[in-house]
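Report on one structure; see the data block that follows.
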Amino acid sequence: MDDNASARLTTRLLSIGHAVGLFLAMTVICLPGIWIILTSLRPPVEIMAKPPVWIPQEMNLDAYVAMFSGVGKGGIPVIEYFRNSLIISVTSTVIAIVIGMAGGYAFARFRFSGKSGWFLGLMLTRTVPGIALSLPLFFVYARLGIIDTHFGLILAYVALNIPFTIWLIDGFFRQVPKDLAEAAQIDGCTRWQAFWQVEFPLAGPGIASAAIFAFLTCWNEFALASQLTRSVNSKTLPVGLLDYTAEFTIDWRGMCALAVVMIIPALTLTFIVQKHLVGGLTSGAVKG
Amino acid sequence: MKAPRLSAPVLLLTPAVIVLAAVVLVPLALSLYSSFTSFRLTRPASFFNVIWFDNYLSILTNWDFWVAFGRTVLLLTVALNLEMLLGLGLAMLVERATRGQRVLRTLMMFPMMFSPILVGFQFKFMFNDNVGVVNNALQSLGLTDAAIPWLIDGTLAFIAISIAEIWSSTSVFAILILAGLLAMPKEPIEAARVDGCTPWQTFRYVTWPFVMPFAYIAMTIRSLDVARAYDIVKIMTDGGPAGRTELLWTLVGRTAYGDARMGMANAMAYVSILLSIAFTYYFFRKLAAARTQIGAEW
Amino acid sequence: MATVSLTKLVKRYGNLEIVHGIDLEVADREFVALVGPSGCGKSTTLRMIAGLEEISGGEIRIGDRLVNNLPPRSRNIAMVFQSYALYPHMTVKENMGFSLKIAGRSAAEIEKRVAEAAAILGLEPLLERRPSQLSGGQRQRVAMGRAIVRDPDVFLFDEPLSNLDAKLRTQMRTEIKKLHAKVNATVIYVTHDQVEAMTLSDRIVIMRDGHIEQAGTPDEVFKRPATRYVAGFIGSPPMNLTDATVDDGKLVFANGSMLPLPTQFRNSVTAGAKVTLGLRPDDFYPSGHGLHSGEESAVHSDTLTVSLTEPLGNETLVFSAFDGRDWVGRMLNPKRLKGGERIRMSFDMSQAHLFDSATGKTLRVE
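Residue numbers (the working numbering), protein chains in the order written: chain P, -18 to 269; chain A, 1376 to 1673; chain S, 106 to 471.
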């Protein structure tokens, strides 16, 4: 009886410990985000107050109003930045997905010599640190006159996204049984028809999530963008964040407001793809 | 009939190879060349002044460079290992949760959508010695009176940067390891329990071997873009003050764009590229080995 | 409908040859089963006929047409896969009508032909469902429906029943047989299960290591196996096979036991020949409890020790030691036996088979 009682107590304690641990972990994960939102809504006086004000006394949307009110009135050209970010991210994502689909399909469905070598080689191009790549790219782009253009950044982002897109899409095509494409060919499809009628629709959700992942990479990229853009012509939101920093001071409230604007699209998209994303990355782990 | 089968994958891979060659390989070749010159942005003619290995020699003898190099390796080692451990812990906490698993999993992904530069600003703000929430909290709780100079003291700044880095990337590990835990068949665990394994033994001999490839996938993905840490450091301290948090990447950026010494910066950049490749290659091999170990084909 | 003929068909992957130049003629409306252990090349052969694998050498003709280099869609064939390969994103109806849609047939015609096929297979209530909502047997039926709708020259089946449980497999086997009678098509059916091959086909082709061991009717391959391999492969429980040496009208075994040389082989072997004796369990039985299909004079009997029995109700398998090895025999009208019991066993030598030990080929002269 005693043994049973103590075993029950241990179980009890463990489950309480588990709940506490989970709560703490989630707090640490969420706190920074919540803090940013909170700060963007509070007046600067309260943010800078010493001793600190913990309970917000006053909340307003002034920071957002100021941000959108345009240059010269305390705002930054956020609309332009947003537009640049959107154009660059969407265009480069579409191109990267088309190229990645071709490459991923090649890895998933064909045998060719040096296959794993090619795969590793493609992945390795992704490891080049953005800052290291920005040096020669800056030089080449300056020569070609495509610094501070959408085209320049789109091209760089396509290259940045291809390796990872291939990895993901390869995984998604592997999840579609080979039999299905064969059955379609016997049913009278050409290889091309079999791809579009059967394999593509089935890998579709996975490809969509690879697209969103690529989009997020572009949307969040800073190292290359900071060197290859100059003005409102092509500056993206991450680079725009720097507009809130002056020599010695930082407009924390305005920056937090812009951060919220940046996160919202990313947040929405990530939630949509979370399930498929993991599937594509891990499909090679247990089943070749 | 032979020809089309050979050319199909070649054809499919051609666009990818062309783009990567144009945007990555050719520029890298260029930068390799310029790393052998005394090229300065301000003096274009110096692009053709080949000095062979002088840049590399002066890097090798440059103490600041080696300090930055060592700090980078230290940051990567500390961060990647802690991320894996914390990710494993987080994944197991979530896996045990009986209710609200979907919500928890979604929350767990939260940091992934933050741009690294945003993470940098966010933690720069939180660790601000004057108005940051960390110091405010410590002072309000009466743990300290002084304003702790988080981003000014070298060691503290390293810790602050590591925390930011770990916060932003632990979820990559947690998500993938959780995927592994969820994909794991339950019978072996039950068999181990019946066989008299303690929870620790069960984990060590049954769970971990199964989950390991997933952890290596996460490692490989992370090592593909370890240099994302540049964005965080760039914002939080920019290598300063006085080089006390200098990493390889910030040093490259400063040498190139601050001092305009492109040739030298390219030489440093090559060292950083080799470092990244070494990390990726290492984990890629590990991943392949772990895959064969559990009998999967690549 | 059409004939299928394979001539010197070869498949190589790099330097590795999987199929070594096989020849096979399948008649119009014939049901041929390709059977053999995994890795024997039977599936590869089927996939070459389908056009899913390239041919490294030889010829394939469907009807009079050489199809060596034609893509699958131009061969007018239908195939049922082991995994069924139903399109998960389409309903049963769309799955079945897919080939007609690709061929550009009118909606009305597709509707009509799908309905016909569904009627044959009893799929009407399932037409709007998706594959994920079907049971294994139902999926199997849809896969067959998809093949029927195409009205192809040749049906190809690649181990279609191996994913079903035993009971369902027997049931579907009957359905396939009925279906063949109804649609009257040329069928090539790959399986590793000899019972399926025996029950379904007009002709069985036994393959091993990329070549054909024997092709013949179920009766032929059972009664007159061309090789020792076929003898051991066909029949359950398998034939008892033991090496022996011919000596003056006798077969002498390794441990010195002896059996009379079957009279039907008396002229085809000489003294000193190394042979393998094959005797089916049906022809090795406790005296008074067997089939007695041969003449009484050819029956040899000997007292052996029972090592194990497996009662199956209507019959019992008896394992008894002969020349140091357990031979399996079939006892009809069974009586109770215990392990260790001494018992009189009959060897019906008129039904025995002899194979050349070196080549494995039968020594029977027709």
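The beta carbon of each residue, even a glycine, is placed where N, CA and C say it ideally should be.
What does DSSP give as the partner residues of S:Gly162 in its beta bridges? S:Val115
Please confirm whether A:Phe1659 and A:Val1601 have their CB atoms less than 8 angstroms apart. no
Run down chain S in chain order and give the residues with a C-beta less than 7 angstroms from the C-beta of P:Leu183. Pro193, His194
For P:Gly235 and chain A, any beta-carbon pair shorter than 8 angstroms? no
DSSP state of S:Met195, grouped into three classes? coil
Would S:Ser211 count as contacting chain P if we go by Cβ distances under 8 angstroms? no
Could you check whether S:Val109 and S:Val300 sit closer than 8 angstroms to each other, using their CB atoms as the reference points? no
S:Asp453 versus S:Ala403 - alpha carbon distance: 6 angstroms
Check whether the Cβ of P:Gly280 lies closer than 8 angstroms to any Cβ atom in chain A. In the structure as shown, chain P starts at -18 and stops at 269, and residue 280 of chain P therefore has no counterpart that could be examined.
Contacts around A:Val1508, its chain only, beta-carbon distance under 6 angstroms, and the 5 residues preceding and following it disregarded: Met1501
With distances taken between CB atoms, is the gap from A:Ala1391 to P:Ile147 smaller than 8 angstroms? yes
A:Asn1505 by DSSP, collapsed to three states: which one? In the structure shown, A:Asn1505 falls within a coil segment according to DSSP collapsed to helix, strand and coil.
How do the stretch 4 to 11 of chain P and the stretch 213 to 221 of chain P stand: do at least 3 beta-carbon pairs fall below 8 angstroms, yes or no? Not touching, per the Cβ criterion.
S:Leu232 beta carbon less than 8 angstroms from that of S:Thr196: yes
Do A:Thr1630 and A:Gly1529 have their beta-carbon atoms positioned less than 8 angstroms apart in this structure? no
For S:His125, report the span of its beta strand (DSSP E) as first-last. Element bounds for S:His125: 121 to 131.
Using 8 angstroms as the cut-off, can you tell me whether the stretch 173 to 185 of chain P makes contact with the stretch 112 to 132 of chain P, which would need three or more C-beta pairs spanning the two stretches below that distance? Taking a contact to require three or more Cβ pairs closer than 8 angstroms, the stretch 173 to 185 of chain P and the stretch 112 to 132 of chain P do not qualify as touching.
When you compare the CB positions of P:Ile143 and A:Val1394, do they come within less than 8 angstroms of one another, or not? yes
Candidates S:Pro365, S:Thr275, S:His405, S:Ile182, of which the one nearest S:Leu157 by Cα: S:Ile182
Run through chain P and tell me which residues come within less than 7 angstroms of A:Gly1628, C-beta to C-beta. The answer, in chain order, is Ile112.
Candidates P:Leu239, P:Gly85, P:Pro25, of which the one nearest P:Ile188 by Cα: For the residues P:Leu239, P:Gly85, P:Pro25, the minimum Cα distance to P:Ile188 belongs to P:Gly85.
When the Cα of P:Phe132 is compared with those of A:Val1398, A:Leu1432, A:Val1506, which residue comes out closest? A:Val1398
With C-beta atoms as the reference, is P:Met40 less than 8 angstroms away from P:Arg23? yes
Thinking just about the alpha-carbon of each residue, which of P:Glu163, P:Arg155, P:Thr(-9), P:Ala30 is nearest to the one in S:Pro176? P:Glu163
Let me confirm a value: A:Phe1423 is counted as buried when at least 16 other C-beta atoms fall within 10 Å, else exposed. Which label applies? exposed
Terminal residues of the alpha helix (DSSP H) in which P:Ile78 lies: 59 to 90
Quick one: residues in its chain with C-beta nearer than 7 angstroms to the C-beta of S:Ser226, no 5 flanking neighbours on either side, listed in chain order? In the sequence on display, residue 226 of chain S carries Leu and not Ser. The answer, listed in chain order, is Arg246, Met249, Gly250.
Looking at P:Val254 and P:Pro58, is the spacing between their C-beta atoms short of 8 angstroms? Not in contact: P:Pro58 and P:Val254 (Cβ atoms no closer than 8 angstroms).
Decide if the stretch 147 to 165 of chain S is in contact with the stretch 116 to 126 of chain S; the criterion is three or more beta carbon pairs, one per stretch, under 8 angstroms apart. yes
S:Lys379 by DSSP, collapsed to three states: which one? strand
Would you mind giving the Cβ-Cβ distance between S:Gly444 and S:Val411, rounded to the nearest angstrom? I have them listed as a contact below 8 angstroms. 6 angstroms
Would you mind reading off the limits of the alpha helix (DSSP H) that contains A:Leu1400? Note, A:Leu1400: premise wrong, no alpha helix (DSSP H); not H, not E.
Measuring only the C-alpha atoms, how far is S:Ser240 from S:Val219? 20 angstroms
For the beta strand (DSSP E) that contains A:Lys1561, what are its first and last residues? No beta strand (DSSP E) contains A:Lys1561, which DSSP labels as neither H nor E.
Check whether chain P comes within 8 angstroms of A:Phe1659, counting only Cβ atoms and requiring the distance to be less than that. yes
In three-state DSSP terms, what is A:Trp1673? Confidence at A:Trp1673 is low in this model, with a pLDDT of 33, below 50, so its placement is unreliable and the value that follows should be read with caution. Correct three-state label for A:Trp1673: coil.
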